[in-house]
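These protein sequence lines are chains U and A, in that order.
The numbering of the first sequence is the working numbering, which starts it at 5 and goes up by one.
The numbering of the second sequence is the working numbering, which starts it at 4 and goes up by one.
Virtual Cβ for every residue (Gly too), placed ideally from N, Cα, C.
Here the structure is a predicted model, which means the values were calculated and not measured.
Here's the structure we're looking at; comments come further down.
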Amino acid sequence: MDILTWTYILVGLSFTLYIGIAIWSRAGSTKEFYVAGGGVSPLANGMATAADWMSAASFISMAGIISFAGYDGSVYLMGWTGGYVLLALLLAPYLRKFGKFTVPDFVGDRYYSNTAKVVAVICALFISFTYVAGQMRGVGIVFSRYLEVPIEWGVVIGMCIVFFYAVLGGMKGITYTQVAQYCVLIFAYMVPAIFVSMQLTGNPIPQLGLGGEVADGTALLDKLDGVLAELGFAEYTAGRKGMMDVFMITLALMVGTAGLPHVIVRFFTVPKVKDARLSAGYALVFIAILYTTAPAIAAFGIYNAINSTSEKEISSLPVWVSNWQKTNLIAVDDKNGDGKIQYVADPATNELTIDRDIMVLASPEIAELPNWVVGLVAAGAMAAALSTAAGLLLVISTSVSRDLFKTFRPDISEKKELRIARIAAAGAVLLAGYFGVNPPGFVAQVVAFAFGLAAASFFPVIIMGIFSSRINKEGAIAGMISGLIFTLAYIIYFKFISPEMNTADHWWFGVSPEGIGTIGMFLNFLVCIVVSRFTPAPPQSVQDMIQEIRIPRGAGKAVDH
Amino acid sequence: MANDPGKMKAYWRKNLKTLFFLLLIWFLVSFGFGILWVEELNQIHLGGFKLGFWFAQQGSIYAFVVLIFIYVYRMNKLDKEFDVNEE
C-alpha cells in the first residue's frame with residue numbers, strides 16, 4: 005500500500021478512537037466540564053498533561069530546531085521540562101488544596117478582589133489565544149501535508165474534530181482523549197527514532213545512541229562537530245548565543261511553563277493533594293521520554309542529511325531528497341554548476357537549504373522504513389496538535405463562562421452555566437479556526453512569547469500568594485500589570501516597532517525578547533513586594549485561607565463553593 | 004493541626020527546607036552544569052558525550068524527574084509525621 009492510503013487508514017482509526025472516547029465520557033455537570041469531576045487518576049492525568057503540553061511544534065519542529073542550533077537548542081529541552089519541577093514543588097499541591105477550578109479563581113480569592121481576578125482573566129485569555137491560534141495553524145499544516153488537502157480545509161477538519169470533543173466532553177472528554185493521543189504520539193515518535201539509532205550507532209535506545217559511535221569508531225557527536233566545522237558551521241556541541249541570554253531564555257521558559265493556565269488547571273482534576281504532586285511527576289516522565297529522544301533525532305538527522313548530500317552528485321541523491329523537494333522543504337541550487345552539492349555555512353556558496361521540520365517528518369524515509377511508519381508519524385503529529393488545541397480551548401471557555409460571567413452573575417443555574425461554557429468553547433473554536441485560516445503575520449512569532457508573558461504575569465503572584473501571607477491585593481495587581489506591560493513593551497519594541505534594532509548590542513543586559521520574561525518576572529516580584537509593604541495587610545480570613553492551603557488534609561474533591 | 008500554630012510552623016519550616024534543598028539541585032543540574040559551567044564540564048567525557056553538553060540535553064531532564072519523585076516521597080512522609088495527610 006502507498007503512503008497516502010496508510011495515512012488515511014491510521015489517521016482515520018485514531019480519530020474514530022478519539023470520538024468514541026468523547027462520546028463515552030460526555031460531561032453532565034459544570035464540575036465535569038471544568039475539571040473532569042476531580043476524579044482523574046494521577047497516572048491518567050500525567051499522560052493527559054503530557055499530551056496537552058506537547059504541541060505540533062514539539063512533535064514536528066523541536067528536533068529540527070536543535071539540529072541546526074546544536075547546544076543552543078538546550079534552552080527548549082531544559083526550559084520546557086524544568087518548569088514541571090517548579091510546578092510540582094511550588095504550585096500544584098497548594099492550588100489543588102485550594103480546590104476551585106481556575107487560576108483566576110485563586111487570584112480572585114487570595115487577593116480578595118474582583119479587579120485582581122479580572123486582570124488574571126485578561127492575562128489568561130491573552131496567553132491562551134496567542135497560543136491556540138498558532139496551534140490551529142499547526143493543525144492545518146499537518147492535515148494539509150499528510151492528507152494532501154489545502155491548509156484551509158485542514159483547519160476546518162481540525163476544528164470539527166476539536167469542536168466535537170471539547171464542546172461535548174469538556175475537561176472530562178478532553179482528558180481521556182488526551183490519554184489516547186499521548187499513546188499515539190509517543191509511539192509514532194519513538195519508532196523511527198529507534199530504527200535510526202540502530203542503523204547509525206547499533207544501539208536501539210536513542211538516548212544512548214546519541215552518545216554512541218558511528219561505523220568508523222568515532223563518537224557520533226565528535227564526528228558531527230568535525231563535519232560541521234569543516235563546512236564552516238559552528239561546532240554542534242558549542243554554544244553560539246551569549247551565556248546570559250541562554251540563561252534568561254531557559255528561565256523564562258521554565259517559569260512560563262509553570263505559569264501557563266492550561267497546564268496549571270490540569271492539577272485541579274485529581275482527587276487529592278498527594279495525587280497532584282505525583283501527577284506532576286508522571287507528567288514529566290511522559291514528557292521526558294519525548295524530550296530526551298528529540299536531541300538524538302536532532303543529531304542523527306543532521307548527520308544523515310549532511311552525509312547523504314554533501315559533495316554528492318545531484319543526479320544520484322537518495323529518493324527522500326527528491327520527495328521532499330516537491331514540498332519545498334528541501335531546496336537544491338547548483339550555484340557553481342559542478343553537479344555536486346556543497347552544503348556550507350556561507351550563504352553565497354551554499355547549495356542546499358533544509359527546512360527544520362524535515363528531521364522528524366522525513367526520518368522514516370531516511371531510515372528506509374515501511375510506508376505504515378510514515379502514516380503513523382502523521383497520526384502522531386495530528387494527535388499532538390489536536391490535544392494541545394483542545395486543552396487551550398477549554399481554558400478559554402472556562403475563563404469566559406466561569407471567571408467572567410459567573411463573577412458578575414453569581415446566581416445563574418448550573419445548567420445555564422454549562423450551556424454558556426459550551427457556547428464559549430464553540431465561539432473559541434471558531435475564532436481560533438479563523439486565525440488558523442487567516443493567520444495574522446505576528447502569530448507565529450508571538451506563540452513563543454506566551455511563555456514570557458505567563459512568566460511575567462501569573463507565576464510571581466501565585467507563588468507569593470502561597471508562600472507569603474503579607475502580599476495584598478494592591479501589590480498583586482500592580483505586580484501583574486507591571487510585569488505584563490514591561491515584557492509586552494520590550495517584545496513589541498524589538499519585534500514590531502524597531503526590528504532592525506533586534507541585535508545583542510541593543511538588548512538590555514544582552515537579553516533577547518525571548519528571554520525578557522525573566523526580567524519581567526523579577527520586576528513583578530519587586531513591585532508586588534514593595535507595594536504590599538506600603539499598603540494594609542490582607543484581612544484575617546485570607547490569612548486563615550493561606551494557612552489552610554499549606555496543609556494537605558481536608559482537600560476533598562474540587563468543589564464549587 | 005490548623006489550631007496548633009507551633010506545630011503548623013514546624014511543618015511549614017520543614018517543607019521549606021525540603022523545597023530549598025531540591026530547588027538547589029534543580030538549579031545546579033540545569034543552570035549550573037548545563038549553562039554556567041558547561042565549558043569546564045565539556046573537558047570531561049562521558050562515553051561519547053561531553054559532560055556539559057550531556058547535562059544540557061539529557062542529564063538535567065533525568066534529574067528533574069528524579070527530583071519530583073524524591074519530593075513526593077519526602078512530603079508524604081512529612082505529612083504523616085505531622086498528621087496532616089489525607090485519609
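Here's the rule I'm using: 16 or more other beta-carbon atoms within 10 Å means buried, otherwise exposed. How should residue i be labelled?
i	result
residue 27/U	exposed
residue 83/A	exposed
residue 510/U	exposed
residue 23/A	exposed
residue 182/U	buried
residue 518/U	buried
residue 13/A	exposed
residue 538/U	exposed
residue 273/U	buried
residue 329/U	exposed
residue 556/U	buried
Is there a Cβ of chain A sitting closer than 8 Å to that of residue i, yes or no?
i	result
residue 276/U	yes
residue 217/U	yes
residue 489/U	no
residue 237/U	no
residue 246/U	no
residue 284/U	yes
residue 556/U	yes
residue 78/U	yes
residue 185/U	no
residue 93/U	yes
residue 322/U	no
residue 82/U	yes
residue 564/U	Per-residue confidence for residue 564/U stands at a pLDDT of 48, beneath the threshold of 50, marking its modelled position as unreliable; the derived number appears in the next sentence. Not one chain A Cβ lies under 8 Å of residue 564/U.
residue 224/U	yes
residue 455/U	no
residue 86/U	yes
Less than 8 Å between the C-beta atoms of residue i and residue j, yes or no?
i	j	result
residue 599/U	residue 39/U	Nothing can be reported for residue 599/U: it is not among the residues displayed for chain U, which extend from 5 to 565.
residue 205/U	residue 225/U	no
residue 210/U	residue 197/U	yes
residue 4/U	residue 249/U	Any answer about residue 4/U is impossible in this case: the structure gives chain U only from 5 up to 565.
residue 23/U	residue 169/U	yes
residue 256/U	residue 514/U	no
residue 403/U	residue 46/U	no
residue 266/U	residue 132/U	yes
residue 171/U	residue 60/U	no
residue 167/U	residue 433/U	yes
residue 86/U	residue 29/A	yes
residue 45/A	residue 55/A	yes
residue 88/U	residue 287/U	yes
residue 345/U	residue 68/U	no
residue 479/U	residue 550/U	no
residue 476/U	residue 536/U	yes
residue 569/U	residue 379/U	An answer regarding residue 569/U cannot be provided, because it is not within the stretch 5 to 565 covered by chain U.
residue 178/U	residue 371/U	no
residue 343/U	residue 317/U	yes
residue 429/U	residue 457/U	no
residue 71/A	residue 83/U	no
residue 292/U	residue 91/U	no
Would you list the residues sitting across from residue i in a DSSP beta bridge?
i	result
residue 344/U	317/U
residue 418/U	DSSP lists no partner for residue 418/U.
residue 357/U	335/U
residue 53/A	48/A
residue 217/U	223/U
Would you say residue i faces chain U, with C-beta separation under 8 Å as the test?
i	result
residue 9/A	no
residue 29/A	yes
residue 46/A	no
residue 53/A	yes
residue 15/A	yes
residue 84/A	no
residue 35/A	no
residue 89/A	yes
residue 24/A	no
Just to check, is the beta-carbon of residue i closer than 7 Å to a non-hydrogen atom of the ligand NAD?
i	result
residue 187/U	Ligands in the displayed structure: none, and consequently the ligand NAD is not present.
The segment 473 to 490 of chain U / the segment 511 to 529 of chain U touching (three or more Cβ pairs under 8 Å): yes
Any 3 or more C-beta pairs closer than 8 Å across the segment 18 to 33 of chain A and the segment 51 to 64 of chain U: no
The segment 72 to 81 of chain U contacting the segment 225 to 241 of chain U, beta-carbon criterion three pairs below 8 Å: yes
Sufficient close CB pairs (3 or more, under 8 Å) joining the segment 86 to 95 of chain U to the segment 462 to 474 of chain U: yes
Touching by the beta-carbon criterion (3+ pairs, under 8 Å), the segment 325 to 344 of chain U and the segment 354 to 367 of chain U: yes
Stretch-stretch touch, CB-based, cutoff 8 Å, three pairs: the segment 54 to 73 of chain A with the segment 290 to 303 of chain U: yes
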